[in-house]
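**Student:**
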Amino acid sequence: KAGVTQTPRYLIKTRGQQVTLSCSPISGHRSVSWYQQTPGQGLQFLFEYFSETQRNKGNFPGRFSGRQFSNSRSEMNVSTLELGDSALYLCASSQGTGGQPQHFGDGTRLSIL
Amino acid sequence: AQSVTQLDSQVPVFEEAPVELRCNYSSSVSVYLFWYVQYPNQGLQLLLKYLSGSTLVKGINGFEAEFNKSQTSFHLRKPSVHISDTAEYFCAVLQAGGTSYGKLTFGQGTILTVHP
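Those protein sequence lines, which keep their order, are chains F and B. Heads up, this note's numbering is the position in the first sequence plus 350, with the first residue counted as 1. Heads up, this note's numbering is the position in the second sequence plus 108, with the first residue counted as 1.
1) Out of curiosity, what's the CA-to-CA distance linking F:H379 and B:L129?
2) Run down chain B in chain order and give the residues with a C-beta less than 8 Å from the C-beta of F:F410.
3) Mind pulling the chain B residues with CB within less than 7 Å of F:P451?
4) Just to check my reading of the structure: F:S424 and F:Y399 have Cβ atoms closer than 8 Å, yes? What is that Cβ distance to the nearest angstrom?
5) Span of the beta strand (DSSP E) holding B:A204?
6) Can we count F:S422 as close to the ligand ADP, meaning its CB is less than 7 Å from some heavy atom?
7) B:L202 and B:V139 - do their beta-carbons sit closer together than 8 Å?
8) Against chain F, with Cβ distances strictly below 8 Å, would B:S117 count as a contact?
9) Contact check, F:S381 vs F:S443 under 8 Å by CB: the rounded distance?
10) Let me make sure I understand the geometry here. Which of F:T403, F:F414 and F:L431 has the alpha-carbon closest to that of B:G210?
11) Is the beta carbon of F:L440 closer than 8 Å to that of F:G416?
12) State the DSSP-derived secondary structure class of F:N409, mapped to helix, strand or coil.
13) Mapping the DSSP letters down to three states, classify F:G392 as helix, strand or coil.
14) Is B:I168 helix, strand or coil by DSSP?
15) Please state whether DSSP places F:S377 in a helix, a strand or coil.
16) Give me the residue from B:L155, B:L115 and B:H190 with the minimum Cα distance to B:P126.
17) Contact defined as beta carbons within less than 8 Å: I believe B:A200 pairs with B:F122. What is the distance between those atoms, to the nearest angstrom?
18) Give me the Cα-Cα distance between F:M426 and B:P224, rounded to the nearest whole angstrom.
19) Please name the residues in the segment 382-405 of chain F whose beta-carbon is closer than 7 Å to at least one beta-carbon of chain B, in chain order.
20) Between B:V165, B:A195 and B:A204, which lies nearest to B:V145 when the distance is taken from Cα to Cα?
21) Please return the same chain residues whose Cβ sits closer than 7 Å to the Cβ of B:L159, not counting the five positions on each side in sequence.
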């Protein structure tokens with residue numbers, strides 16, 4: 351069974367640009383969650399999608415947005431990039447019910463110059 | 109809201125020695141508990157989970173953890189570590205029920221370094 355796939359693995363952008371990250375969940379998983387990982391703040395929850403609906407959102411500015419498609423694939427978009435957006439962005443998928451554990455991809459490392 | 113505290117930021121240990129990584133959590137509602145491991149330049153890999161039932165849970169790679177409700181702890185243990193266990197370990201909680209869908213709350217991580 352294929353795991354969670356995130357593309358691209360690495361991205362370099364400049365301030366003010368926008369970026370789109372992609373996540374393909376494990377087959378059969380309907381929930382996709384996104385996290386930002388930085389040395390200073392650790393792992394922080396961005397948002398969660400289930401059956402194309404955002405069910406939960408973390409404390410991030412509106413520049414961070416996402417969506418989920420009918421095949422459960424998800425994208426995350428960050429507009430007007432700032433230096434502080436440099437981070438590892440992790441996507442995780444699960445069945446989305448009860449305490450079913452989340453399975454993570456290897457992440458997209460975003461560097462802002 | 110939930111919070112997770114991993115009491116040690118770094119734990120050095122010699123190969124074949126036992127290790128315990130400590131995790132305490134705070135929550136006003138029931139939670140599910142998880143331990144994840146992260147190797148350099150990789151995502152998080154699930155080690156084990158506690159959903160309900162027996163308070164001692166066994167995971168992959170010889171790790172186990174014990175849920176203690178009265179002390180709100182979920183410490184991770186391994187009786188004999190290997191060099192390959194060197195990695196960063198994260199304790200996480202997920203609210204049971206309610207509307208906090210898909211939101212894992214993580215501790216700050218513990219870097220385990222196994223020396224030969």
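For every residue, glycine included, the Cβ atom is placed at its ideal position computed from N, Cα and C.
**Tutor:** Checking against the coordinates, here is how it stands:
1) Here residue 379 of chain F refers to the residue found at position 29 when the first sequence is read from its first residue. Here residue 129 of chain B refers to the residue found at position 21 when the second sequence is read from its first residue. Looking at the two C-alpha atoms, the distance is approximately 30 Å.
2) On the first sequence, residue 410 of chain F is found 60 positions in, with the first residue counted as 1. Within chain B, no residue comes near F:F410; the closest Cβ sits about 12 Å away, beyond 8 Å.
3) Residue numbering aside, residue 451 of chain F sits at position 101 when the first sequence is read from its first letter. Under the 7 Å cutoff, chain B gives F142, L154 and K157.
4) For the purposes of this step, residue 424 of chain F is taken as the residue at position 74 of the first sequence. For the purposes of this step, residue 399 of chain F is taken as the residue at position 49 of the first sequence. Right, the Cβ-Cβ distance comes to about 6 Å (below 8 Å), so this counts as a contact.
5) Walking along the second sequence from the start, residue 204 of chain B turns up at place 96. From DSSP, B:A204 is part of no beta strand (DSSP E); its letter is neither H nor E.
6) By its list of ligands, the structure shown contains no ligand whatsoever, and the ligand ADP lies outside what it can speak to.
7) Stepping through the second sequence from its first residue, residue 139 of chain B is reached at position 31. Stepping through the second sequence from its first residue, residue 202 of chain B is reached at position 94. In contact: B:V139 and B:L202 (Cβ atoms closer than 8 Å).
8) For the purposes of this step, residue 117 of chain B is taken as the residue at position 9 of the second sequence. False, the Cβ-Cβ gap to chain F never drops below 8 Å.
9) Along the first sequence, read from residue 1 onward, the residue named residue 381 of chain F stands at position 31. Along the first sequence, read from residue 1 onward, the residue named residue 443 of chain F stands at position 93. Confirmed, about 6 Å.
10) For the purposes of this step, residue 210 of chain B is taken as residue 102 along the second sequence, with counting starting at 1. Nearest option by C-alpha distance: F:T403.
11) Here the question's residue 416 of chain F lines up with position 66 in the first sequence. Here the question's residue 440 of chain F lines up with position 90 in the first sequence. In this structure, F:L440 does not lie closer than 8 Å to F:G416 by Cβ.
12) Residue 409 of chain F sits at position 59 when you count from the first residue of the first sequence. Residue state, collapsed to three classes: coil.
13) As a first step, residue 392 of chain F must be located in the first sequence, where it is residue number 42. Correct three-state label for F:G392: strand.
14) Stepping through the second sequence from its first residue, residue 168 of chain B is reached at position 60. Correct three-state label for B:I168: helix.
15) Translated into positions along the first sequence, residue 377 of chain F becomes position 27. Of the three classes helix, strand and coil, the one that applies to F:S377 here is coil, per DSSP.
16) Along the second sequence, one-based indexing puts residue 126 of chain B at 18. Per the Cα distances, B:H190.
17) One-based indexing of the second sequence puts residue 200 of chain B at position 92. One-based indexing of the second sequence puts residue 122 of chain B at position 14. B:A200 to B:F122, Cβ: 28 Å. No contact.
18) Locating residue 426 of chain F in the first sequence gives position 76, where the first residue counts as 1. Locating residue 224 of chain B in the second sequence gives position 116, where the first residue counts as 1. Their Cα atoms are separated by approximately 42 Å.
19) S383, G392, L393, F395, E398, F400 and R405
20) Numbered from its first residue, the second sequence carries residue 145 of chain B at position 37. Cα-wise, what sits closest to B:V145 is B:A195.
21) Position 51 of the second sequence, counted from the start, is the residue given in the question as residue 159 of chain B. Excluding sequence neighbours, B:L159 sits near Y140.
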